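Chemist: Just so you know, we're using the numbering used here here: the sequence shown kicks off at 276 and counts up by one.
Every residue, glycine too, gets a C-beta built ideally from N, C-alpha and C.
None of these values were measured; they are calculated from a predicted model.
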Amino acid sequence: MINKKRLVDEFIELVKIGSPSKSEGKICKVVAQKLTRLGAKTELGPVGKKFGSNGSNVIARIEGKKGVAPVLLNAHLDTVGEDFNITPIISNGIIKSDGTTILGSDDKSGVAIILEIIKIFKEQKIPHPPIEIVFTICEEIGLFGAKTVDFSKIKAKYGYSLDTGEIENITTAAPSHNRIYLKIFGVESHAGAAPELGISAIEVASKAIASLKLGRIDKISTSNIGKIYGGVATNIIPGYTEIAGEARSHSEEKLKKITQDMLKKFREAVEESEKTVKGKKIIARLEEKVVNEYSKFALSENLPVVQKIIKAGKKLGKNITTLQGGGGSDANVFNKAGIQTAVVGTGMKKVHTKEEYIEIDSLVFSANLLLEALRLN
Ligand SMILES: [Zn+2]
């Protein structure tokens with residue numbers, strides 16, 4: 276069984292090392308040292324300079340039973356936002372921050388659990404499969420670390436990403452995700468003296484947005500307009516507006532359709548802006564960019580990677596059920612690279628907010644669950 280005190284101490288130590296995305300330099304070094312001390316062959320991936328990080332992925336290999344398929348274990352080293360100085364507080368079986376910052380259990384809980392499992396295997400000489408650990412950077416800002424892993428060097432064909440809250444579930448599916456960036460160029464004019472000469476970029480954007488179907492589109496798809504920016508002054512008809520949104524779906528086809536439908540509404544609104552001023556036609560202009568952030572995955576419940584967790588749960592007296600997730604994570608990238616990767620919960624709650632917390636019992640359960648699953652072969 277997991278050493279509760281050691282796991283909590285490790286978690287607290289990791290949380291105290293501030294590591295917002297792009298500033299993972301310190302935690303990378305600390306974690307790499309810990310893994311090396313535990314006997315893992317550890318290497319730091321290329322520094323994430325390309326995307327502005329001073330850190331790098333930490334890849335570690337631990338030998339295991341001969342003739343047994345290796346397993347990949349993953350968590351991310353970066354935390355959301357800008358918080359560096361995190362003061363964790365333990366009270367009534369819960370770990371939280373002092374309320375001025377996030378806690379960073381997303382995803383230090385995953386890192387701490389993986390380290391504890393390696394310690395248990397070593398300490399108790401428990402036979403286990405060969406393990407490949409991939410700790411990534413810049414997960415929160417676009418899965419950049421995972422996307423730069425050299426998969427030709429990864430032997431595992433299945434694995435677990437510890438990067439969600441619910442300990443009663445195993446996430447076996449996640450959607451594809453498009454980000455949509457739009458720029459509308461209108462025609463500036465004095466709002467009081469010559470409104471006839473202008474085309475309001477804000478008005479065009481508003482008409483398009485008002486005609487969009489947003490939120491939960493159907494059981495497997497969502498869409499959102501998340502940012503809008505534009506205009507200079509109240510007395511100027513705005514000549515420029517920027518809009519950013521997204522769409523997600525567990526079906527590639529639906530994602531394509533939702534994305535195209537969104538773009539169509541903007542194109543239509545731009546077309547409708549055409550008017551004739553002093554015998555000359557003027558019209559707004561649209562620039563659009565769609566970025567596919569990551570691709571969906573869906574693992575069948577019958578796969579050993581899923582069954583191992585369900586069986587381990589039963590052994591620990593818990594009924595673990597499969598869940599279709601709504602967000603993306605490193606697991607999307609690993610699955611795309613051909614590694615069947617399910618997402619396991621660590622107990623983290625209210626992540627990405629200052630109210631973030633984790634129950635110690637959940638953290639310990641999650642560690643025991645993964646430990647049991649890795650012993651099943
Ligand atoms: Zn996370």
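Buried or exposed, going by whether 16 or more other CB atoms sit within 10 Å of the CB of SER475?
Modeler: Here residue 475 is taken as the residue at index 200 of the sequence shown, counted from 1. Label assigned to SER475: buried.
Chemist: So is PRO363 buried or exposed if we call it buried at 16+ other beta carbons inside 10 Å?
Modeler: The residue labelled residue 363 in the question sits at position 88 within the sequence shown. Label assigned to PRO363: buried.
Chemist: So for ILE495, helix, strand or coil by DSSP?
Modeler: The residue given as residue 495 occupies position 220 in the sequence shown. Of the three classes helix, strand and coil, the one that applies to ILE495 here is coil, per DSSP.
Chemist: Quick one: does the C-beta of ASP381 sit closer than 7 Å to a heavy atom of ligand 1?
Modeler: The residue labelled residue 381 in the question sits at position 106 within the sequence shown. Indeed, a heavy atom of ligand 1 lies less than 7 Å from the Cβ.
Chemist: Excluding the 5 residues preceding and the 5 following LYS340 in the sequence, name in chain order all residues of the same chain whose CB lies nearer than 8 Å to its CB.
Modeler: Counting from one through the sequence shown, the residue named residue 340 turns up at place 65. Same-chain partners within the cutoff: PRO402, HIS403, PRO404, PRO405, ASN652.
Chemist: Beta-carbon within less than 6 Å of GLN599's beta-carbon, same chain only, minus the 5 sequence neighbours each way: which residues are those?
Modeler: Counting from 1 along the sequence shown, the entry for residue 599 is found at position 324. The residues are ALA448.
Chemist: Ordered along the chain, which non-local residues of its own chain (more than five positions away) have a Cβ less than 6 Å from that of GLU357?
Modeler: Your numbering for residue 357 matches position 82 in the sequence shown. So the list reads PRO295, once near-sequence residues are dropped.
Chemist: Where GLU576 and GLY385 are concerned, what is the direct C-alpha to C-alpha distance, given to the nearest angstrom?
Modeler: For this step, residue 576 is matched to residue 301 along the sequence shown. For this step, residue 385 is matched to residue 110 along the sequence shown. Approximately 23 Å between the Cα atoms of the pair.
Chemist: In or out: SER665 buried (at least 16 other Cβ within 10 Å) or exposed?
Modeler: The question about residue 665 has no answer, for the chain in this structure spans 276 to 652.
Chemist: According to DSSP, is LEU378 part of a helix, a strand, or is it coil?
Modeler: Along the sequence shown, read from residue 1 onward, the residue named residue 378 stands at position 103. The answer is coil: DSSP assigns LEU378 none of H, G, I, E or B.
Chemist: Is ILE401 helix, strand or coil when you go by DSSP?
Modeler: Walking along the sequence shown from the start, residue 401 turns up at place 126. ILE401 falls in the coil class under three-state DSSP.
Chemist: Report the three-state DSSP secondary structure of GLU634 (helix, strand or coil).
Modeler: To locate residue 634, count along the sequence shown from 1; it is residue 359. It is a strand residue.
Chemist: I need the straight-line Cα distance from LEU645 to ALA559, nearest angstrom please.
Modeler: Along the sequence shown, read from residue 1 onward, the residue named residue 645 stands at position 370. Along the sequence shown, read from residue 1 onward, the residue named residue 559 stands at position 284. Each residue's alpha carbon lies about 56 Å from the other.
Chemist: Note down the Cα distance separating ARG281 from ILE635, rounded to an integer number of angstroms.
Modeler: Here residue 281 is taken as the residue at index 6 of the sequence shown, counted from 1. Here residue 635 is taken as the residue at index 360 of the sequence shown, counted from 1. About 12 Å.
Chemist: Using alpha carbons as the reference points, say which of ASP438, ILE334, HIS452, LEU487 lies closest to ALA315.
Modeler: Locating residue 315 in the sequence shown gives position 40, counting from the first residue. Checked all of ASP438, ILE334, HIS452, LEU487; the closest Cα to ALA315 is ILE334.
Chemist: Pair every Cβ in the stretch 574-594 with every Cβ in the stretch 454-465, then say whether three or more of these pairs are closer than 8 Å.
Modeler: With the cut-off at 8 Å, the stretch 574-594 and the stretch 454-465 do not touch.
Chemist: Report the option in VAL283, PHE396, TYR569 whose CA atom is closest to the CA atom of ARG650.
Modeler: If you number the sequence shown from 1, residue 650 lands on position 375. Looking at the Cα atoms, PHE396 is the closest of the given residues.
Chemist: Taking C-alpha atoms, which residue in THR621, TYR632, GLN615 lies nearest to ALA344?
Modeler: Mapped onto the sequence shown, residue 344 falls at position 69. Comparing Cα-Cα distances from ALA344 to each of THR621, TYR632, GLN615, the minimum goes to GLN615.
Chemist: Quick one: grab the DSSP three-state call for ASN643.
Modeler: Taking the sequence shown and counting its residues from 1, one reaches residue 643 at position 368. Residue state, collapsed to three classes: helix.
Chemist: I need the boundaries of the alpha helix (DSSP H) containing ASN610, first residue and last residue.
Modeler: Here residue 610 refers to the residue found at position 335 when the sequence shown is read from its first residue. Where ASN610 is concerned, the enclosing alpha helix (DSSP H) stretches over 605-611.
Chemist: With a CB to CB cut of under 6 Å and the five nearest residues on each side skipped, what residues in its chain are close to ILE302?
Modeler: Counting from 1 along the sequence shown, the entry for residue 302 is found at position 27. ILE292, SER294, LEU352.
Chemist: Given that a residue counts as buried once 16 or more other Cβ atoms are within 10 Å of its Cβ, and exposed if not, what is LYS383?
Modeler: Residue 383 sits at position 108 when you count from the first residue of the sequence shown. By the 10 Å Cβ count, LYS383 comes out buried.
Chemist: Let's see if you can read the secondary structure: which residues bound the beta strand (DSSP E) around ALA448?
Modeler: Counting from 1 along the sequence shown, the entry for residue 448 is found at position 173. Element bounds for ALA448: 444-449.
Chemist: Would you list the one or two residues that DSSP bridges to GLN615?
Modeler: Locating residue 615 in the sequence shown gives position 340, where the first residue counts as 1. Paired residue(s): TYR433.
Chemist: In chain order, what residues of the same chain lie with their CB nearer than 6 Å to the CB of ILE370, ignoring the 5 residues before and after it?
Modeler: As a working mapping, residue 370 is identified with position 95 in the sequence shown. Result list for ILE370: PRO363, ILE633, in chain order.
Chemist: Using only CA atoms, which one of ASN610, PHE572, LYS394 lies nearest to ILE495?
Modeler: Counting from one through the sequence shown, the residue named residue 495 turns up at place 220. Among ASN610, PHE572, LYS394, the Cα nearest to that of ILE495 belongs to PHE572.
Chemist: I want to check one thing, is the minimum distance from the CB of ASP438 to the heavy atoms of ligand 1 below 7 Å?
Modeler: Taking the sequence shown and counting its residues from 1, the one referred to as residue 438 is at position 163. Checking the Cβ of ASP438 against ligand 1 gives yes.
Chemist: Can you say whether ILE566 is buried or exposed, counting buried as having 16 or more other CB atoms within 10 angstroms of its CB?
Modeler: Walking along the sequence shown from the start, residue 566 turns up at place 291. Before going on, a small fix: residue 566 reads as Val here, not Ile. Exposed: under 16 other Cβ atoms inside 10 Å.
Chemist: Quick one: what does DSSP say MET537 is sitting in, helix, strand or coil?
Modeler: Translated into positions along the sequence shown, residue 537 becomes position 262. Looking at MET537 - three-state DSSP - the assignment turns out to be helix.
Chemist: For a quick check, are the C-beta atoms of VAL479 and ILE455 less than 8 Å apart?
Modeler: Numbered from 1 along the sequence shown, position 204 holds the residue referred to as residue 479. Numbered from 1 along the sequence shown, position 180 holds the residue referred to as residue 455. Cβ atoms of VAL479 and ILE455: not closer than 8 Å.
Chemist: Looking at ligand 1, does it come within less than 7 Å of GLU414, judged from the CB to the closest heavy atom?
Modeler: In the sequence shown, residue 414 corresponds to position 139, counting from 1. Answer for GLU414: yes, Cβ within range of ligand 1.
Chemist: Just list the residues that DSSP pairs SER366 with in beta bridges.
Modeler: Start at 1 with the first residue of the sequence shown, and residue 366 comes out as number 91. The partner list for SER366 (beta bridge, DSSP) reads ILE369.
Chemist: Going by C-alpha distance, which of PRO513, ALA485, HIS452, LEU487 is nearest GLY461?
Modeler: For the purposes of this step, residue 461 is taken as residue 186 along the sequence shown, with counting starting at 1. Cα-wise, what sits closest to GLY461 is PRO513.
Chemist: Ligand 1 and SER372: does any heavy atom of the ligand fall closer than 7 Å to the residue's C-beta?
Modeler: For this step, residue 372 is matched to residue 97 along the sequence shown. Answer for SER372: no, Cβ out of range of ligand 1.
Chemist: Does the distance from the C-beta atom of GLY601 to that of GLU441 stay below 8 Å?
Modeler: For the purposes of this step, residue 601 is taken as the residue at position 326 of the sequence shown. For the purposes of this step, residue 441 is taken as the residue at position 166 of the sequence shown. No, they are not a contact pair.
Chemist: Report the option in LEU530, LEU378, SER451 whose CA atom is closest to the CA atom of GLU288.
Modeler: Indexing the sequence shown from 1 puts residue 288 at position 13. Here the closest residue by C-alpha is LEU378.
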